[in-house]
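S.K.: Residue numbers (our numbering), protein chains in the order written: chain A, 444 to 829; chain B, 444 to 829.
Put into structure tokens, the structure is as follows:
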């Protein structure tokens, strides 16, 4: 569906209709659309011989009566939103594997289409994207960490995806905005709505400078089901998911599950073990194989194409005495730090033969590690801590 | 060496001598002792045809002149210390694999013997031991965490092993002492010495209630080499090592290396990524496969015999609405939280057929999740947050 000529108007209208016919993340619907196409399925559901299970059929019938796909498209247009579907140039194909992926809870399936606010090209903006998500009730620590990681990831040219919520989501979007890079908010409501209402300004700002997307038609309000379904889009758009603070049972853990289901990397930022907000993250690392990350560079190392962001191995400060031969290191250890000592004293302290110690001291002096001063040896200042 | 009859006096004296002949953790010496026995090796080194390399031979010769093994034993006895060697009933055999393990840096090998202060039986006290180590310049957070984990591990009947140093070591010993359990301090100096001097009272207290051990003869003072060599004994005595706070290049990281070398588990307690003291721990988890642990129970799960300390899987609070069928959960989501709503309102919000919604509300009422009140539905109090 996502290659070749642009989709027809009928295909688009059928997808708008299917979007409304059931709740989002209906794995069965996504599979049937992928197998037989949206137009055919829509026709089938409208016919009296619809092949759904009786209960679902009744739900579908209730919704069919209210359908007005062309009207939905018009309403979306009025709030500056478009409906992007597979086959469109800007469809982000990284969503497609959701249909074959293991469902999470009762949910699954690629979105039937995405309602998109913002002038940027969706697929291009999403070509390199990282999800940064976490607790709504974040701590100052978590917020600071999310800002910093989102900013670093953005500066490297990656788009930060999050859910526009309070706490970590807000901090993640802010970190990206601070880097003057587009960020993407995935909503659990229609394109004409904003949630939470306190974030109207933020969401509108993101729509002007980045993108606001959802798979819910105009007028739809958020429900718990839709929040969880929304998380699959955050995970599905992204190369990997960074969780910054999360309770043990949380939306962020759900987004992590979607990411696992897509076999993409889940990363977690640790925090104090005394913080309930970090418990969920520690659990992801402990029991679900999430990678511990502490900064943007480590995130990039995970999500970037092989070899592109390889980090130098941090081994701590390099010391001038690194690489000394064993004997010389032992003799250097035996030279007192603050006072000078003669050969006898050093030999006794080192517990080595005087002849070996004398030779070692000579080598150490050549390297500038020790100094001979009136027959007594002392450490050179730069070696006092070595 | 560690089974059968008790070692002879000659064997013990030979081991005292070998302890003094070279610096500790000499892998070659440990291998030769393991292969040919201590007595034979001591005789060989004393003979003019000693088979060591020339440089080492000179060092050995320098030390041979001062040897007085019987005197060392007497000096140890004066400070209440005994010399425990393989074959003694109380020799902790878990040290023996150090000789075949991969060396760390230039060091390796099981101790030739251990100088022990304290009335407890060494092997019995060490039968179940966990090392808790970390930065000397610990934060309050790290200290609190070390106390708590050491206390929890102790209360479960495990002996906490550490190095008696400032910071995390001190906190680990304190946590064990607070649980009125013996703790073991491994020193980098002879049994007649204490390091750091500020910890004289602590170390003496540990000697009275637990054990203080080292592989350094009376009179030996600590050096950098000896601190690193000491770490192999901490790791070697323990079923696993918990690192609480560590700089990227630190003694704790060295103890972790010894533990890895013995193929025993390294555990790390995470902390704020903004704390330099947690950097080394995060690095151990990120790049060296250390297990993230957040409490004593998680440590026990790792070190205890299979199945003995299995933890219940923490999945967050269990909610009364867990296990609801999909449709019922969706309908419950559509019932307003604070006000009552009639069937029409709920049906519209749920986007389902009225007949399905009515049936679902009936089931939810039976389960006590919703209540019908003058023709309008409301959530039962316990479901308001579900």
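C-beta: ideal position from N, C-alpha, C; glycine also.
Can you find the residues in the same chain that come closer than 6 angstroms, C-beta to C-beta, to residue 482 of chain A, ignoring five residues on each side of it along the sequence?
M.R.: Taking the first chain and counting its residues from 1, one reaches residue 482 of chain A at position 39. Correct list, in chain order: 453, 454, 457.
S.K.: By the criterion of Cβ-Cβ separation under 8 angstroms, what are the contact partners of residue 737 of chain B in chain A?
M.R.: Indexing the second chain from 1 puts residue 737 of chain B at position 294. In chain order: 716, 722, 725, 729.
S.K.: For residue 806 of chain B, which residues in the same chain have their Cβ closer than 6 angstroms to its Cβ, ignoring the five residues on either side in sequence?
M.R.: Working through the second chain from its first residue, we reach residue 806 of chain B at position 363. Correct list, in chain order: 771.
S.K.: Just grab the DSSP bridge partners of residue 534 of chain B for me.
M.R.: Residue numbering aside, residue 534 of chain B sits at position 91 when the second chain is read from its first letter. In DSSP, residue 534 of chain B forms no bridge with anything.
S.K.: Is the Cβ of residue 655 of chain A closer than 8 angstroms to any Cβ of chain B?
M.R.: By 1-based counting over the first chain, the position of residue 655 of chain A is 212. It does not: the Cβ of residue 655 of chain A has no partner Cβ on chain B nearer than 8 angstroms.
S.K.: Helix, strand or coil, according to DSSP, for residue 509 of chain B in the structure here?
M.R.: Locating residue 509 of chain B in the second chain gives position 66, where the first residue counts as 1. Residue 509 of chain B falls in the coil class under three-state DSSP.
S.K.: Just to confirm the assignment, what range does the alpha helix (DSSP H) spanning residue 797 of chain B have?
M.R.: Start at 1 with the first residue of the second chain, and residue 797 of chain B comes out as number 354. Here the alpha helix (DSSP H) through residue 797 of chain B covers 797 to 809.
S.K.: Is the shortest distance between the beta-carbon of residue 583 of chain A and the beta-carbons of chain B less than 8 angstroms?
M.R.: Start at 1 with the first residue of the first chain, and residue 583 of chain A comes out as number 140. Answer no: the Cβ-Cβ gap between residue 583 of chain A and chain B never drops below 8 angstroms.
S.K.: Can you list, in chain order, the residues of its chain whose CB lies under 7 angstroms from that of residue 469 of chain A, leaving out five sequence neighbours each side?
M.R.: In the first chain, residue 469 of chain A corresponds to position 26, counting from 1. So the list reads 552, once near-sequence residues are dropped.
S.K.: Quick one: residues in its chain with C-beta nearer than 6 angstroms to the C-beta of residue 473 of chain B, no 5 flanking neighbours on either side, listed in chain order?
M.R.: Within the second chain, residue 473 of chain B is the residue found at index 30, counting from 1. The residues are 542, 552, 553.
S.K.: Confirm, please, whether the CB-CB distance from residue 627 of chain A to residue 680 of chain A is below 8 angstroms.
M.R.: For the purposes of this step, residue 680 of chain A is taken as the residue at position 237 of the first chain. For the purposes of this step, residue 627 of chain A is taken as the residue at position 184 of the first chain. Closer than 8 angstroms, so yes.
S.K.: Note down, in chain order, all residues in the stretch 529 to 551 of chain B with a beta-carbon under 8 angstroms from any beta-carbon belonging to chain A.
M.R.: Per Cβ criterion, the list reads 549.
S.K.: Would you call residue 686 of chain B buried or exposed, if buried means 16 or more other Cβ atoms sit within 10 Å of its Cβ?
M.R.: In the second chain, the residue the question calls residue 686 of chain B occupies position 243. Label assigned to residue 686 of chain B: buried.
S.K.: Per DSSP, residue 701 of chain B is paired with what?
M.R.: Counting from one through the second chain, the residue named residue 701 of chain B turns up at place 258. According to DSSP, which records beta bridges pairwise, residue 701 of chain B is partnered with nothing at all.
S.K.: Given residue 615 of chain B, which residues of its chain have a CB within under 6 angstroms of its CB, disregarding the five upstream and five downstream residues?
M.R.: Within the second chain, the letter at position 172 stands for residue 615 of chain B. These residues qualify, in order along the chain: 575, 589, 593, 603, 605.
S.K.: Can you check whether the C-beta of residue 668 of chain A is within less than 8 angstroms of a C-beta belonging to chain B?
M.R.: Counting from one through the first chain, the residue named residue 668 of chain A turns up at place 225. Answer yes: the Cβ-Cβ gap between residue 668 of chain A and chain B drops below 8 angstroms somewhere.
S.K.: Which stretch, first to last residue, makes up the alpha helix (DSSP H) that contains residue 618 of chain B?
M.R.: Numbered from its first residue, the second chain carries residue 618 of chain B at position 175. Start and end: 611 to 621.
S.K.: How big is the Cα-Cα spacing for residue 661 of chain A and residue 578 of chain A?
M.R.: Numbered from its first residue, the first chain carries residue 661 of chain A at position 218. Numbered from its first residue, the first chain carries residue 578 of chain A at position 135. Roughly 27 angstroms between the two C-alpha positions.
S.K.: Go to residue 654 of chain B, then tell me how far its beta strand (DSSP E) extends in each direction, as first and last residue.
M.R.: Position 211 of the second chain, counting from 1, holds the residue named residue 654 of chain B. Element bounds for residue 654 of chain B: 654 to 657.
S.K.: Which word fits residue 536 of chain A, buried or exposed, when buried means at least 16 other C-beta atoms lie within 10 angstroms of its C-beta?
M.R.: Position 93 of the first chain, counted from the first residue, corresponds to residue 536 of chain A. Exposed is the call here.
S.K.: Mind reading off the beta-carbon distance from residue 555 of chain B to residue 462 of chain B? Whole number of angstroms is fine, and I expect it under 8 angstroms.
M.R.: In the second chain, residue 555 of chain B corresponds to position 112, counting from 1. In the second chain, residue 462 of chain B corresponds to position 19, counting from 1. With 8 angstroms as the limit, residue 555 of chain B and residue 462 of chain B qualify as a contact, their Cβ atoms being about 5 angstroms apart.
S.K.: Quick check on residue 666 of chain B: does DSSP put it in helix, strand or coil?
M.R.: To locate residue 666 of chain B, count along the second chain from 1; it is residue 223. In the structure shown, residue 666 of chain B sits in coil (DSSP, three-state: anything other than H, G, I, E or B).
S.K.: Distance check for residue 531 of chain B and residue 449 of chain B, CA to CA, integer angstroms please.
M.R.: Taking the second chain and counting its residues from 1, the one referred to as residue 449 of chain B is at position 6. Taking the second chain and counting its residues from 1, the one referred to as residue 531 of chain B is at position 88. Spanning the two alpha carbons is a distance of roughly 6 angstroms.
S.K.: Nearest by alpha-carbon distance to residue 460 of chain B: which of B/485, B/475, B/477, B/466 is it?
M.R.: What you label residue 460 of chain B is simply residue 17 of the second chain in a count that begins at 1. The option with the nearest alpha carbon to residue 460 of chain B is B/485.
S.K.: Does DSSP put residue 446 of chain B in a helix, in a strand, or in coil?
M.R.: Mapped onto the second chain, residue 446 of chain B falls at position 3. Model confidence at residue 446 of chain B stands at a pLDDT of 49, short of 50, so the residue's coordinates are unreliable and nothing is read from them.
S.K.: Based on Cα-Cα distance, which residue from B/584, B/709, B/738, B/557 lies nearest to residue 632 of chain B?
M.R.: In the second chain, counting from the first residue as 1, residue 632 of chain B sits at position 189. Considering only alpha carbons, the answer is B/557.
S.K.: From residue 729 of chain B to residue 689 of chain B, what distance separates their C-alpha atoms?
M.R.: Locating residue 729 of chain B in the second chain gives position 286, where the first residue counts as 1. Locating residue 689 of chain B in the second chain gives position 246, where the first residue counts as 1. Their backbone Cα atoms lie some 14 angstroms apart in a straight line.
S.K.: Buried or exposed: where does residue 665 of chain B fall if 16 or more other Cβ atoms within 10 Å of its Cβ makes it buried?
M.R.: Translated into the one-based positions of the second chain, residue 665 of chain B becomes position 222. So residue 665 of chain B ends up on the buried side.
S.K.: Can you check DSSP and say which residues form a bridge with residue 529 of chain B?
M.R.: One-based indexing of the second chain puts residue 529 of chain B at position 86. Beta-bridge pairing links residue 529 of chain B to B/531.
S.K.: Return no unless some Cβ of chain B is closer than 8 angstroms to the Cβ of residue 776 of chain A.
M.R.: Numbered from 1 along the first chain, position 333 holds the residue referred to as residue 776 of chain A. Closer than 8 angstroms: yes.
S.K.: In the DSSP output, what is residue 605 of chain A paired with across the bridge?
M.R.: Here residue 605 of chain A refers to the residue found at position 162 when the first chain is read from its first residue. Answer is A/628.
S.K.: On the CB-based measure, 16 or more other CB atoms within 10 Å of its CB, does residue 613 of chain B come out buried or exposed?
M.R.: Start at 1 with the first residue of the second chain, and residue 613 of chain B comes out as number 170. With 16 or more other Cβ atoms within 10 Å, it is buried.
S.K.: What residues match up with residue 821 of chain A in a beta bridge as DSSP calls it?
M.R.: Indexing the first chain from 1 puts residue 821 of chain A at position 378. In DSSP, residue 821 of chain A forms a bridge with A/814.
S.K.: List, in chain order, every chain B residue whose beta-carbon is nearer than 8 angstroms to that of residue 786 of chain A.
M.R.: For the purposes of this step, residue 786 of chain A is identified with residue 343 of the first chain, where counting begins at 1. Per Cβ cutoff of 8 angstroms: no residues; residue 786 of chain A is ~13 angstroms from chain B at best.
S.K.: Assuming the contact rule is C-beta atoms closer than 8 angstroms, residue 683 of chain A and residue 702 of chain A should be a hit. Round their C-beta distance to whole Å, please.
M.R.: As a working note, residue 683 of chain A is residue 240 in the first chain. As a working note, residue 702 of chain A is residue 259 in the first chain. Confirmed, Cβ separation roughly 7 angstroms.
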